[in-house]
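Trainee: Going by full-length UniProt numbering, the first residue of the sequence shown is number 1, and it counts up by one from there.
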Amino acid sequence: MTMPPPGTDPGPSPWGPPPPYPGPLLPLTQPRNGLGVAALVVGIVGVFIGFVPFLFWFSGVLGVLGLVFGLVGVGRARNGTATNKGVAVAGSILGGVAVVMAIAGVVLSAIFLKHVAAKVRADEHRRIASAAPADPSADKPLSFGRTRSYEDGVAVTVSQPHRYRLGDIAVGHHKGDLAVQVEITIVNGGHKPLDINGTLPTMRDADGDETDVVYDGDGATKPFAGRLRPGEKAATTFTFSVSPDAADEVRVELSPDIEHDDATWSGRIG
1 MTMPPPGTDP GPSPWGPPPP YPGPLLPLTQ PRNGLGVAAL VVGIVGVFIG
51 FVPFLFWFSG VLGVLGLVFG LVGVGRARNG TATNKGVAVA GSILGGVAVV
101 MAIAGVVLSA IFLKHVAAKV RADEHRRIAS AAPADPSADK PLSFGRTRSY
151 EDGVAVTVSQ PHRYRLGDIA VGHHKGDLAV QVEITIVNGG HKPLDINGTL
201 PTMRDADGDE TDVVYDGDGA TKPFAGRLRP GEKAATTFTF SVSPDAADEV
251 RVELSPDIEH DDATWSGRIG
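#1: Look at the alpha carbon of threonine 199 and the alpha carbon of leucine 254, and state the distance between them as a whole number of angstroms.
#2: Could you tell me the distance, in whole angstroms, from the CA atom of arginine 204 to the CA atom of histidine 191?
#3: May I ask you to report which of helix, strand or coil DSSP gives asparagine 79?
#4: From which residue to which residue does the beta strand (DSSP E) around glycine 43 run?
#5: Expressed to the nearest angstrom, what Euclidean distance is found between the alpha-carbon atoms of arginine 227 and isoleucine 196?
#6: Round the Cβ separation of serine 92 and valine 64 to the nearest angstrom and send it over; I've been treating them as touching at under 8 Å.
#7: So is histidine 173 buried or exposed if we call it buried at 16+ other beta carbons inside 10 Å?
#8: Take glycine 270 and list the residues in its own chain whose beta-carbon comes closer than 6 Å to its own, dropping the five residues that flank it on each side.
#9: When you compare only the Cα positions, how much space is there between aspartate 209 and phenylalanine 144?
#10: Leaving aside the five residues before and after glycine 95 along the sequence, list all residues of the same chain whose C-beta is less than 8 Å from its C-beta, in chain order.
#11: Quick one: which unbroken beta strand (DSSP E) runs of 3-plus residues sit fully inside the stretch 139-166? Chain order, please.
#12: Buried or exposed: which applies to phenylalanine 54, given that a residue is buried once 16 or more other Cβ atoms fall within 10 Å of its Cβ?
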């Protein structure tokens, strides 16, 4: 073997050092799209079940799950760990719709059950009323000045009729007739407001004929208006045109509102 002479340096290699061996390859990260897909599926099922009667409660459960899954899926998409942000948003929206449908189902069911309960109570009251013996005094006319009291606390009083002097201009009065006025008082002793709009009495003369209501510029007739709250009362006057040939006795018929029975008062004109 021939050795290079002393003092001779061969110099660096023209090819350089060899490259290092490559390290192990890192595995690719899969997108975490599961919750977004789950939100969409659960939301669709929740909305569908929301249309099925009496299953709205299950729709609410699925709606809450879809809303939660969707919001978490949107958060993952923002962090870059998921790629289906649109699917997650759609699932959140459908979940919210399912929750709203469940709430609407609860409200509608409550209204329906309340209506059914009211109908059952009304039918029961009618059954009891039909089975109970008739009260002959219920249809018997009261004397003027007496009060008709109803079971719910509402009370009506009609005063003694008296002749009224009309103003210069009067509507509804027939020439030669008497102008007869009564004062009517309504007391709401119940627990709910009483609508007295349109409460209008009827007066019949001694022959049983209905008389006309008279209006003038001085307040001959002032109809009821508004609603009476519990504990309130209202009083006003009504004037009627009565033939003098049938003025021996008059009858006044009145109901405080459409939910109460008519009451009748009779007597002579004072």
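Beta carbons: idealized from backbone N, C-alpha and C, even for Gly.
Mentor: Reading from the atomic positions:
#1: 8 Å
#2: 33 Å
#3: helix
#4: Counting along the chain, glycine 43 falls outside any beta strand (DSSP E), though it belongs to the alpha helix (DSSP H) covering 34-50.
#5: 6 Å
#6: Between valine 64 and serine 92 the Cβ distance is about 11 Å, and since that is not below 8 Å, they are no contact.
#7: buried
#8: Gln160 and His162
#9: 19 Å
#10: Ala39, Val42, Gly43, Gly46, Leu62, Gly63, Val64, Leu65, Gly66, Leu67, Val68, Phe69 and Gly70
#11: 147-149 and 154-158
#12: exposed
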